[in-house]
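Student:
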Amino acid sequence: MNRRENLKLLFTGSLATGLLLTQCNPADKVEDYSPRISGGTPGGRTAEEIQRDQQLLSETFFTEEERKKLDVLVDIILPAGDDSESATEAGVPDFIEFMMKDQPSFQTPMRGGLMWLDNYSDDTYGKKFLNLSEKERMEVIDLIAWPDKAPKALGGAVRFFNTLRNLTCTGYFTSEIGFKYIGYKGNTPNVWDGVPDEVMKKHGFEYPAEYMARYLKPEERGIVAVWDDEGNLIG
Amino acid sequence: MSFEIKSTGEVYDVIIVGSGAGGGMASKILSEAGLAVAVLEAGRDFDPAKEEDRTQLRPPWESPRRGAGTRIRPFGDFDQAIGGWDIEGEPYTRGEGTSFDWFRSRMVGGRTNHWGRISLRFGPNDFKRKSIDGMGDDWPIGYEDLKSYYDKVDKLIGVFGSKEGIYNEPDGFFLPPLKPRLHELYAMKGAKKANVPIIPSRLSMLTRPINNERGVCFFCNQCNRACQAYADFSSGTVLIKPAMAKGKVDLYTHAMVRAVTTDDSGNATGVSYINTVDMKEYKLRSRVVVLGASACESARIMMNSKSKSHPNGVGNSSGMVGRYLHDSTGADRMGILPDLVDRDRYNEDGVGGMHVYTPWWLDNKNLDFARGYHIEYWGGMAMPSYGTGFAMDTMRKYLKDEFGNPSPNGGYGEGLKKDIKRLYGTTLGMSGRGESIPQYSNYCEIDNNVVDKYGIPVLKFHYKWTDQEIKQAKHMQDTFEEILTDAGAILLGNKPGPDTMYGLAAPGRIIHEVGTTRMGNNPNTSVLNSNCQAHDCKNLFVVDAGPFVSQADKNPTWTIMALAWRTSDYIVSELKKKNI
């Protein structure tokens with residue numbers, strides 16, 4: 001079998017086989033797998049999972065005021081750059097909104113942290129956080145954004161900002177925009193034939209000679225394996 | 001197909017409870033012998049080749065939680081093991097001061113849909129540990145009894161690896177192994193310096209085809225999501241569905257087995273199960289009953305199968321059902337490789353698992369613990385998922401600017417974004433998976449005070465690690481530190497110490513639980529004979545990891561399947577001889 005035939009097997013043969021082997025089962029028909037509103041995770045969901053995703057997506061945790069603050073904060077954490085978009089452009093606030101409901105232990109520290117920003121701003125500047133000037137805002141952020149230098153008394157606020165930073169960064173780098181920015185190349189059909197030569201050289205590595213004859217050769221990847229009685233591959 | 005008709009009329013030759021590795025293998029071998037087989041699965045149907053079941057090749061943004069774990073999918077939202085350690089409506093309890101976490105999958109193929117595909121044979125020593133160190137018990141069979149079955153499993157299912165000629169790591173019929181990834185080359189460098197062997201891994205993904213029915217691996221790195229090309233081993237796609245296509249195999253999904261039914265002479269007559277959709281009870285009849293529900297679930301079914309002829313539960317006249325429960329040990333450590341900061345980008349996926357591993361390499365006679373462990377390696381440029389970009393409040397300091405000044409921890413702004421990009425793909429992690437000593441005092445029993453939502457009495461677990469496992473974990477941590485340091489890594493976090501039992505995972509967390517229906521020649525100290533047949537019920541067999549006398553430092557799946565094949569051959573032969 002050549003490579004083209006093998007790829008055909010990969011993408012049509014096996015899928016067709018999958019369909020042929022599929023046996024209809026009456027019990028499965030009882031469950032309705034169709035999403036009611038879009039946005040739930042696809043792929044082999046149970047009825048309970050679908051229902052839970054829909055429920056969470058239909059609820060709103062952040063108030064309008066909190067959401068405005070969140071939008072400002074995530075773009076302070078990950079702003080647009082010369083070669084990249086901002087956290088809000090990457091849809092980070094919607095992701096954080098969902099996580100508040102998906103993992104409710106986030107709720108109180110997050111709500112409390114957003115409140116703390118207003119309390120502190122009010123005490124210090126006589127204004128709520130969103131009404132501060134750019135310079136004042138960054139003075140508040142700088143107090144809590146650097147955990148190794150932050151005043152011990154502000155531990156709770158530092159932890160809030162750590163959590164917000166975690167969620168913002170992970171939301172960003174798991175978005176299409178984040179994939180592009182980080183330069184992720186994987187998760188597409190290909191053949192693994194080792195680390196590229198120039199990278200091997202850069203890091204001073206060579207593949208062990210005693211294994212070179214045994215490693216998978218891409219050009220043989222379509223040939224059905226045959227062994228002798230000793231377990232040596234002979235075809 | 002209708003449950004009502006089945007439940008009132010037809011008698012099967014064999015009922016198999018469970019569709020995982022053991023149940024899947026039994027369904028294939030028994031149906032190929034011409035027997036009429038019913039497979040009962042507590043969960044739903046699943047086929048990764050069906051678009052509605054596919055999570056493979058989906059980016060994180062297709063999940064509103066970006067792939068974060070949930071109660072029902074603790075390994076992530078795209079992982080294909082529906083169930084987890086904490087299933088709604090299916091509780092279990094624990095004895096005071098003990099711990100055990102029980103992982104179950106409720107779907108066709110069971111846990112084989114997501115497992116790591118580490119496919120290691122037990123070696124000759126692994127069957128005879130008591131003869132070597134005086135602890136636990138020997139198996140009533142040896143490697144020579146299973147060798148031909150391991151060979152057949154290799155050829156039927158496909159496993160890549162390299163022939164190494166290591167006595168207790170027997171070679172098999174291997175497909176070509178894969179070149180190591182960059183972080184694995186660093187691990188090899190570290191291991192070499194530390195004088196620890198590191199060889200190509202042995203995993204059941206098809207690096208080359210073994211027939212024209214399954215596709216070959218296309219290297220997406222997502223085997224835990226189950227493969228739409230059937231290029232990795234899952235019991236549903238590789239055993240159950242082909243058996244259904246070729247032979248007389250009826251698959252009952254949503255069928256939660258409550259008990260094995262028996263007649264006055266004590267023989268099994270079939271099973272009683274709850275249909276989890278209509279919540280009604282049904283009975284199915286058969287000549288032979290095969291339990292492959294997982295070590296603890298099969299033990300639970302047996303203990304719940306009480307009758308006049310089996311007052312302690314079927315197969316339990318010795319009182320040994322549930323005893324000698326044991327899991328693999330596990331501990332982990334990770335570091336970051338400064339040499340990989342700002343690394344070049346390329347597709348580094350490979351298969352969904354490590355390309356190299358370390359088999360147990362020392363002689364326990366010279367150590368203060370009795371049994372060994374293997375080491376798994378992980379890291380590199382995996383697909384960003386929930387968790388990527390976390391911990392910049394502690395990890396950013398490992399980055400240095402062009403003048404060699406470290407970045408401050410935490411922060412915000414374009415510099416933070418750049419630092420996460422620079423750190424991407426720099427991790428190197430190690431996991432030890434070791435052999436524990438089976439104990440009579442580590443067990444599960446029926447908790448008479450609690451039932452699940454199907455009205456079935458639940459399991460109560462009693463499990464404590466001994467000094468043997470704790471000392472082994474300490475050795476793991478020392479080894480991890482040495483190899484990571486020799487590889488040039490900066491170790492993250494503090495080295496786990498005695499306060500955490502050296503990071504030893506709680507029993508059940510490695511999901512290799514075995515031993516609850518162990519085999520043996522003495523009916524007073526074992527549940528099954530050496531053919532996995534119940535001592536006190538000759539037409540009842542167990543094909544999961546319950547029969548294991550001891551769980552080696554290898555993953556149990558390959559041995560489950562070799563044993564299930566051997567047991568199935570025995571069932572066919574005994575039926576032919578009219579012995580059962």
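Residue numbers (UniProt numbering), protein chains in the order written: chain A, 1 to 235; chain B, 1 to 580.
All C-beta atoms, glycine included, are put in the ideal place defined by N, C-alpha and C.
1. Against methionine 334(B), what residues of chain A qualify as contacts under a CB-to-CB distance less than 9 angstroms, listed in chain order?
2. Just the C-alpha distance for arginine 214(B) and glutamine 533(B), rounded to the nearest angstrom, thanks.
3. Below 8 angstroms on C-beta distance, what does residue 582(B) contact in chain A?
4. Residues in its own chain within less than 8 angstroms of serine 131(B) by CB, not counting five upstream and five downstream?
5. Indicate whether at least one CB of chain A lies closer than 9 angstroms to the CB of residue 598(B).
6. DSSP three-state call for proline 109(A): helix, strand or coil?
7. Can you check whether the C-beta of tryptophan 227(A) is within less than 9 angstroms of a C-beta belonging to chain B?
8. Just checking my contact of isoleucine 77(A) with arginine 165(A) at CB under 8 angstroms: how many whole Å lie between their CB atoms?
9. Is there a Cβ from chain A that is less than 9 angstroms from the Cβ of alanine 391(B)?
10. Can you tell me where the beta strand (DSSP E) holding phenylalanine 160(A) begins and where it ends?
11. Does isoleucine 118(B) come within less than 9 angstroms of chain A when only Cβ atoms are used?
12. Among Asp118(A), Glu230(A) and Gly178(A), whose alpha-carbon lies nearest the alpha-carbon of lysine 59(B)?
13. Can you check whether the CB of leucine 40(B) is closer than 9 angstroms to the CB of valine 257(B)?
14. Scan the region 105-120 of chain A for residues whose Cβ lies nearer than 7 angstroms to a Cβ of chain B and list them as they occur along the chain.
15. So, isoleucine 274(B) versus alanine 255(B), is the Cβ gap smaller than 9 angstroms?
16. So, helix, strand or coil for glutamate 88(B), using DSSP?
17. What separation, rounded to the nearest whole angstrom, lies between the Cα atoms of aspartate 544(B) and aspartate 193(A)?
18. Measuring alpha carbon to alpha carbon, tell me which of Asn405(B), Ile82(B), Asn521(B) and Trp465(B) ends up nearest asparagine 224(B).
19. Taking the alpha-carbon of aspartate 327(B) as reference, which of Trp465(B), Arg121(B) and His183(B) has the nearest alpha-carbon?
20. Taking three-plus beta-carbon pairs below 8 angstroms as touching, is the region 96-108 of chain B in contact with the region 201-220 of chain A?
21. What number of angstroms, rounded off, separates the C-alpha of glycine 222(A) from the C-alpha of threonine 207(B)?
22. Which runs of the alpha helix (DSSP H) at least 4 residues long sit entirely within the region 196-269 of chain B? Give them in chain order.
23. Does the separation of the CB atoms of glycine 266(B) and arginine 285(B) fall below 9 angstroms?
24. Reducing DSSP to helix, strand and coil, say where aspartate 332(B) ends up.
25. On the three-state DSSP scale, how would you describe isoleucine 437(B)?
26. At the 9 angstroms Cβ level, is aspartate 171(B) part of the contact set with chain A, yes or no?
27. Serine 84(A) by DSSP, collapsed to three states: which one?
28. Of all the options Leu492(B), Ile511(B), Ala382(B) and Val458(B), which has the alpha carbon lying nearest to the alpha carbon of asparagine 221(B)?
29. Tell me the residue span of the alpha helix (DSSP H) that contains serine 286(B).
30. Could you please give the first and the last residue of the uninterrupted beta strand (DSSP E) stretch that includes cysteine 296(B)?
31. For threonine 170(A), tell me which candidate among Asp94(A), Lys69(A), Arg45(A) and Thr41(A) has the shortest Cα-Cα distance.
32. Just reading off the alpha helix (DSSP H) that threonine 276(B) is part of, what are its end residues?
33. Kindly provide the ranges of any alpha helix (DSSP H) runs that are 4 or more residues long and lie completely inside the region 544-578 of chain B, ordered along the chain.
34. Would you say glutamate 445(B) lies against chain A (beta-carbon separation less than 9 angstroms)?
35. Thinking serine 234(B) and asparagine 405(B) are a contact (beta carbons under 8 angstroms), I'd like their distance in whole angstroms, please.
36. Hey, could you find the ends of the beta strand (DSSP E) histidine 374(B) is sitting in?
Tutor: From the atom records:
1. Position 334 of the second sequence, counting from 1, holds the residue named residue 334(B). Correct list: empty, because the minimum Cβ distance to chain A is about 17 angstroms.
2. As a position in the second sequence, residue 214(B) is number 214, starting the count at 1. As a position in the second sequence, residue 533(B) is number 533, starting the count at 1. Going from the Cα of arginine 214(B) to the Cα of glutamine 533(B) covers about 33 angstroms.
3. This structure cannot settle anything about residue 582(B), because the visible part of chain B is limited to 1 through 580.
4. By 1-based counting over the second sequence, the position of residue 131(B) is 131. Counting only Cβ-Cβ distances below 8 angstroms, and skipping sequence neighbours, we find Asp138.
5. There is simply no residue 598(B) to check, as chain B begins at 1 and stops at 580 in what is shown.
6. For this step, residue 109(A) is matched to residue 109 along the first sequence. Of the three classes helix, strand and coil, the one that applies to proline 109(A) here is helix, per DSSP.
7. The count along the first sequence starts at 1 and reaches residue 227(A) at position 227. Taking Cβ atoms only, chain B reaches closer than 9 angstroms to tryptophan 227(A), which makes this a yes.
8. As a first step, residue 77(A) must be located in the first sequence, where it is residue number 77. As a first step, residue 165(A) must be located in the first sequence, where it is residue number 165. About 6 angstroms separates the two Cβ atoms, so the contact holds.
9. For the purposes of this step, residue 391(B) is taken as the residue at position 391 of the second sequence. With 9 angstroms as the cut-off, alanine 391(B) counts as an interface residue toward chain A.
10. In the first sequence, counting from the first residue as 1, residue 160(A) sits at position 160. Element bounds for phenylalanine 160(A): not the beta strand (DSSP E) but the alpha helix (DSSP H), 155-173.
11. Locating residue 118(B) in the second sequence gives position 118, counting from the first residue. No, isoleucine 118(B) does not count as interfacial toward chain A.
12. Stepping through the second sequence from its first residue, residue 59(B) is reached at position 59. One detail in the question is off: residue 59(B) reads as proline in this sequence, not lysine. When each option's Cα is compared against that of proline 59(B), the closest is Gly178(A).
13. Locating residue 257(B) in the second sequence gives position 257, counting from the first residue. Locating residue 40(B) in the second sequence gives position 40, counting from the first residue. Yes, the Cβ-Cβ distance between valine 257(B) and leucine 40(B) is below 9 angstroms.
14. none
15. Counting from one through the second sequence, the residue named residue 274(B) turns up at place 274. Counting from one through the second sequence, the residue named residue 255(B) turns up at place 255. Yes, Cβ-Cβ distance for isoleucine 274(B) and alanine 255(B) is below 9 angstroms.
16. Here residue 88(B) is taken as the residue at index 88 of the second sequence, counted from 1. Glutamate 88(B): coil per DSSP, three-state reduction.
17. On the second sequence, position 544 is the one that residue 544(B) refers to. On the first sequence, position 193 is the one that residue 193(A) refers to. Taking the straight line from one Cα to the other gives about 36 angstroms.
18. Residue numbering aside, residue 224(B) sits at position 224 when the second sequence is read from its first letter. The residue with the shortest Cα to Cα distance from asparagine 224(B) is Ile82(B).
19. Walking along the second sequence from the start, residue 327(B) turns up at place 327. Checked all of Trp465(B), Arg121(B) and His183(B); the closest Cα to aspartate 327(B) is Trp465(B).
20. no
21. The residue you call residue 222(A) lines up with position 222 of the first sequence. The residue you call residue 207(B) lines up with position 207 of the second sequence. Roughly 9 angstroms separates the two Cα atoms.
22. 241-246
23. Position 266 of the second sequence holds residue 266(B). Position 285 of the second sequence holds residue 285(B). Result no, Cβ atoms of glycine 266(B) and arginine 285(B) do not sit closer than 9 angstroms.
24. As a first step, residue 332(B) must be located in the second sequence, where it is residue number 332. Reduced to three states, the DSSP call for aspartate 332(B) is strand.
25. Position 437 of the second sequence, counting from 1, holds the residue named residue 437(B). It is coil, neither helix nor strand.
26. The residue labelled residue 171(B) in the question sits at position 171 within the second sequence. Taking Cβ atoms only, chain A reaches closer than 9 angstroms to aspartate 171(B), which makes this a yes.
27. Within the first sequence, the letter at position 84 stands for residue 84(A). The answer is strand: DSSP assigns serine 84(A) an E or B state.
28. As a first step, residue 221(B) is located in the second sequence; it is residue number 221 there, counting from the start. For the residues Leu492(B), Ile511(B), Ala382(B) and Val458(B), the minimum Cα distance to asparagine 221(B) belongs to Ala382(B).
29. If you number the second sequence from 1, residue 286(B) lands on position 286. That residue, serine 286(B), is in no alpha helix (DSSP H); its beta strand (DSSP E) goes 280-291.
30. Taking the first residue of the second sequence as 1, we reach residue 296(B) at position 296. No beta strand (DSSP E) holds cysteine 296(B); the alpha helix (DSSP H) holding it covers 295-303.
31. Here residue 170(A) is taken as the residue at index 170 of the first sequence, counted from 1. Closest option to threonine 170(A), Cα to Cα, is Asp94(A).
32. Counted from its first residue, the second sequence places residue 276(B) at position 276. Note, threonine 276(B): premise wrong, no alpha helix (DSSP H); not H, not E.
33. 557-576
34. Counting from 1 along the second sequence, the entry for residue 445(B) is found at position 445. No, because no Cβ of chain A sits closer than 9 angstroms to the Cβ of glutamate 445(B).
35. For this step, residue 234(B) is matched to residue 234 along the second sequence. For this step, residue 405(B) is matched to residue 405 along the second sequence. In fact, because the Cβ distance is near 50 angstroms, the residues do not count as touching under 8 angstroms.
36. Here residue 374(B) corresponds to residue number 374 of the second sequence, with the count starting at 1. 373-379 is the span of the beta strand (DSSP E), which, as asked, contains histidine 374(B).
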